[in-house]
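Asks: In order, the protein sequences belong to chains A and B. The first sequence begins at 1 in the UniProt record's numbering and counts up one residue at a time. The second sequence begins at 1 in the UniProt record's numbering and counts up one residue at a time.
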Amino acid sequence: MDVSEVLAAHKQKFKSVTVEGKLIPVDYDLGLIAAYDQNPVDEIELKDNAQLLLNEIFQLPTVSDDNGIMAMLPTPTTQLPREKPLPKPKPETRWEKFAKAKGIVKRKKERMVFDDNSGEYKPRWGYKGINDDGTKDWIIEVPQGSNPMEDQYEARREAKRERVDRNEKRQQRNLEEAVVAAKMDQRAIGRGQRPNMDNARAMKRKELENQILISKAATASAGKFDKGLKDDLKARGVRRQFAPNVVADMSNEKSESMSILNKIVGKNGEDLVNVRKVEARHKKAQM
Amino acid sequence: MLRKIVPRNARAKRFLKNREAKTEENIKTAIFIRGSKTSQIVNDALSDLYMLKKPHAINFTKKNEIHPFEDQSNLEFFSQKNDASLFVIGTHSKKRPHTLTFNRMFDHRTLDMLEVSLDNCTPMKDFKTPKSAIGMKPSFLFNGDMWDQHTHYKMFKSMLLDMYHGQTVEKVALAGLEYVISVTAGPLTPEGKPGKVYLRVYTITLKRSGVKLPRVELEEMGPSMDMTFGRITEAKPEDWKQALKVPRELKPKKKKNISRDEMGDTVGRVHLGRQDFEKIQTRKMKGLKKRATEEDGDSAGAEKRQRVDDSDDEE
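1) Enumerate in chain order the residues of its own chain whose CB-to-CB distance from A:Asp27 is below 6 Å, with the five nearest sequence positions on each side excluded.
2) Answer yes if the stretch 173–190 of chain B comes into contact with the stretch 64–83 of chain B, meaning at least three C-beta pairs across the two stretches below 8 Å, and no otherwise.
3) Would A:Leu53 and B:Ser139 qualify as a contact pair, given that the criterion is a beta-carbon distance under 7 Å?
4) Any contact of the stretch 87–96 of chain B with the stretch 33–53 of chain B, i.e. 3+ C-beta pairs under 8 Å?
5) Quick one: what's B:Glu217 bridged to in DSSP?
6) Rounding to the nearest angstrom, what Cα-Cα distance links A:Gln172 and A:Lys122 in this structure?
7) Where does A:Lys108 sit, in a helix, a strand or coil, going by DSSP?
8) Give me the Cα-Cα distance between A:Glu56 and B:Lys245, rounded to the nearest whole angstrom.
9) Do the stretch 103–122 of chain B and the stretch 218–235 of chain B make contact, defined as three or more Cβ pairs closer than 8 Å?
10) Which same chain residues, not among the five before or five after B:Leu141, have their C-beta less than 8 Å away from its C-beta?
11) Answer with buried or exposed for B:Trp147, where buried requires no fewer than 16 other C-beta atoms within 10 angstroms of its C-beta.
12) For the stretch 238–262 of chain B, which residues have a beta carbon sitting closer than 9 Å to at least one beta carbon of chain A?
13) At what residue ranges does the stretch 72–124 of chain B contain a whole run of the beta strand (DSSP E), taking only runs of 3 or more?
14) Between B:Arg96 and the rest of its own chain, which residues show a CB-CB distance below 8 Å, the 5 nearest in sequence each way excluded?
15) Out of B:Glu278, B:Phe15, B:Gln40, B:His108, which one is the CA nearest neighbour of B:Thr99?
16) Measure from the C-beta of A:Ala34 to each C-beta in chain B and report whether the shortest distance is under 7 Å.
17) Is the CB of B:Lys22 under 7 Å away from at least one CB in chain A?
18) Determine the DSSP secondary structure at B:Thr151, reduced to helix, strand or coil.
19) Around the C-beta of A:Ile139, are 16 or more other C-beta atoms found within 10 angstroms, so that it is buried, or is it exposed?
20) Can you check whether the CB of B:Asp261 is closer than 7 Å to the CB of B:Val270?
21) Exposed or buried, which one is B:Ile66 when buried takes at least 16 other CB atoms within 10 Å?
22) Along the chain, where does the alpha helix (DSSP H) that runs through A:Phe58 open and close?
23) Counting only beta-carbon atoms, is B:Lys4 nearer than 7 Å to chain A?
24) Output needed for B:Asn59: all residues of its chain with C-beta closer than 6 Å, excluding positions within five of it in sequence on either side, in chain order.
25) Considering only C-alpha positions, which residue in the set B:Asp126, B:Trp240, B:Ile280, B:Asp107 is nearest to B:Arg19?
26) Tell me which residue opens and which closes the beta strand (DSSP E) that B:Val183 is part of.
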């Protein structure tokens with residue numbers, strides 16, 4: 001018996017999976033499991049298109065999984081809009097800058113660590129964690145030279161609290177600097193990059209210096225007769241300005257003087273005299 | 001405006017973090033809203049579209065005074081409150097009967113909007129056939145030549161893909177391909193206006209075919225909708241540009257020394273490293289063959305000569 005006959009007979013039992021008669025080949029976006037058939041509508045056979053699409057999907061490389069046989073999809077070619085803008089990069093903290101300069105790389109640590117005292121594994125931090133800094137010890141030796149009546153537990157707790165507070169302050173400082181840096185470095189933000197933090201730090205330093213200078217000058221003589229220190233801060237870029245002695249137009253000088261006067265006595269002299277008070281006093285004197 | 005929520009516990013914090021902008025986004029949630037007046041056709045269409053979108057869908061069963069083309073502030077509020085970015089609004093009026101409005105949001109602001117009116121609808125429940133399971137990934141068929149040519153069709157295609165494609169995944173279970181959404185674009189009207197769109201949904205049955213590829217059988221499961229395009233609001237170019245940005249992490253990495261030529265063939269450049277000419281195999285000839293005994297004698301002779309030279313120098 002001829003084998004080809006048997007094969008043909010076997011093939012006869014099933015309908016064909018091949019599709020013919022497409023004038024324009026069908027486009028696929030297999031990442032989205034989609035087919036785009038550009039042929040004129042009246043010539044399109046829906047079932048054929050579904051067959052074509054699934055043929056493509058079934059020809060993709062497959063892997064076996066818990067969910068059965070999975071086809072590996074390519075990345076989609078059709079662009080779909082995002083729901084939200086790209087996430088903004090987090091600004092660099094002072095520690096990150098330092099770590100980068102020193103070449104310190106963050107490494108993953110195990111969450112559970114062996115605790116020698118109890119002989120068990122315990123979380124590195126958090127509930128029932130080992131980072132209690134000795135506040136949970138059942139006995140503490142009084143250190144030499146310290147007050148024997150002092151509560152050593154309280155001292156350790158205090159030390160820990162101080163450490164936490166200091167860290168929180170640093171976090172706060174990073175946040176504040178990040179806000180300033182974001183304002184100053186809009187260009188990097190627009191490009192989706194980290195803002196330059198050095199600007200913010202320099203500006204903060206400058207602001208502090210200014211404040212120091214102002215407070216230094218806040219003496220009876222406006223700092224004129226104060227003895228300066230050797231390497232003390234000096235006001236930079238301050239020029240004394242003098243108005244010209246002779247001017248043709250006096251209106252400017254007048255307006256300046258008026259503005260000072262207004263500042264002191266209020267506009268139109270409204271606040272110059274407390275009328276109610278004067279009236280009351282006058283009445284009292286008459287009686 | 002929504003009040004700013006300050007998380008007070010870790011669970012709330014995680015929840016809010018999930019809502020933040022991220023590189024790989026969540027599946028977009030769709031909200032299905034009934035307008036102040038709806039018809040049975042609109043209600044059926046909304047509930048069917050909702051069933052197909054489940055579980056990433058919210059159904060608003062109460063009526064809302066919403067006119068999406070006049071004022072989107074309500075929608076923007078719903079978008080923020082529910083972290084949803086897709087809306088289907090069903091309305092019915094004398095001027096625009098049986099209308100669905102598809103609205104898409106970017107950053108909780110309206111990106112684009114498209115209105116369709118339903119002409120000929122059969123809801124899912126009228127097809128007495130087995131339905132696909134909820135939350136399965138659909139296949140899409142877009143038939144007709146209008147899909148890339150006209151704004152209305154383009155937007156409808158993009159909206160439909162956006163709403164139902166679910167998560168962009170690397171792999172898909174072959175047994176999970178249960179249904180196919182087929183949309184056929186009718187031709188433009190004689191006045192050059194966008195024509196009709198025919199939306200059909202079929203379940204897929206895979207039959208043996210005698211070869212490795214299965215034979216596909218389709219059975220309509222509903223809904224079936226014929227739609228005519230109405231009003232449209234296109235996305236602003238700058239918003240659209242922002243929305244299409246791909247994060248650097250998700251961009252395909254460039255492979256060095258591999259390129260594609262005009263014919264679409266992949267061309268690679270391979271570096272073999274420096275060739276060692278000492279070890280290169282040239283043409284073999286009998287005369288050049290080294291003989292072990294002769295070589296020994298030669299080297300001895302060289303040594304002798306060397307010694308003679310040395311003595312000459314001394315003299």
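Yeah, the Cβ is synthetic: ideal placement off N, Cα and C, and Gly gets one too. Quantities reported herein were computed from a predicted structural model and do not represent experimental measurements.
Replies: With the given structure in hand:
1) In the first sequence, counting from the first residue as 1, residue 27 of chain A sits at position 27. Cβ neighbours of A:Asp27 beyond the five flanking positions: Tyr36.
2) no
3) Indexing the first sequence from 1 puts residue 53 of chain A at position 53. Indexing the second sequence from 1 puts residue 139 of chain B at position 139. Yes, they are a contact pair.
4) yes
5) As a working mapping, residue 217 of chain B is identified with position 217 in the second sequence. DSSP lists B:Thr205 as partners of B:Glu217.
6) Sequence index remark: in the first sequence, residue 172 of chain A carries index 172 (1-based). Sequence index remark: in the first sequence, residue 122 of chain A carries index 122 (1-based). Roughly 30 Å separates the two Cα atoms.
7) Locating residue 108 of chain A in the first sequence gives position 108, where the first residue counts as 1. Correct three-state label for A:Lys108: coil.
8) Residue 56 of chain A sits at position 56 when you count from the first residue of the first sequence. Residue 245 of chain B sits at position 245 when you count from the first residue of the second sequence. Taking the straight line from one Cα to the other gives about 29 Å.
9) yes
10) Locating residue 141 of chain B in the second sequence gives position 141, where the first residue counts as 1. Same-chain partners within the cutoff: Val180, Ile181, Ser182, Val183.
11) In the second sequence, counting from the first residue as 1, residue 147 of chain B sits at position 147. Result: buried.
12) Asp239, Trp240, Gln242, Ala243, Leu244, Lys245, Val246, Pro247, Arg248, Leu250, Pro252
13) 86–91, 99–106, 109–122
14) As a working note, residue 96 of chain B is residue 96 in the second sequence. The answer, listed in chain order, is Glu115, Ser117, Gly230.
15) Walking along the second sequence from the start, residue 99 of chain B turns up at place 99. Of the listed residues, the one whose Cα sits closest to B:Thr99 is B:Gln40.
16) As a working note, residue 34 of chain A is residue 34 in the first sequence. By this cut-off, A:Ala34 is an interface position.
17) As a working mapping, residue 22 of chain B is identified with position 22 in the second sequence. Cβ-Cβ to chain A under 7 Å: yes for B:Lys22.
18) Position 151 of the second sequence, counted from the first residue, corresponds to residue 151 of chain B. Residue state, collapsed to three classes: helix.
19) Position 139 of the first sequence, counted from the start, is the residue given in the question as residue 139 of chain A. It is exposed - the Cβ of A:Ile139 has fewer than 16 other Cβ atoms within 10 Å.
20) Residue mapping note: residue 270 of chain B aligns to position 270 of the second sequence, counting from 1. Residue mapping note: residue 261 of chain B aligns to position 261 of the second sequence, counting from 1. No, they are not a contact pair.
21) Translated into the one-based positions of the second sequence, residue 66 of chain B becomes position 66. With 16 or more other Cβ atoms within 10 Å, it is buried.
22) Taking the first sequence and counting its residues from 1, the one referred to as residue 58 of chain A is at position 58. Per DSSP, A:Phe58 belongs to the alpha helix (DSSP H) from 46–59.
23) Counting from 1 along the second sequence, the entry for residue 4 of chain B is found at position 4. No, B:Lys4 does not count as interfacial toward chain A.
24) By one-based count along the second sequence, residue 59 of chain B stands at place 59. Result list for B:Asn59: Phe32, Tyr50, in chain order.
25) Within the second sequence, residue 19 of chain B is the residue found at index 19, counting from 1. Measuring from the Cα of B:Arg19, the nearest candidate turns out to be B:Asp107.
26) As a working note, residue 183 of chain B is residue 183 in the second sequence. Taken as a continuous stretch (DSSP letters only), the beta strand (DSSP E) holding B:Val183 covers 179–185.
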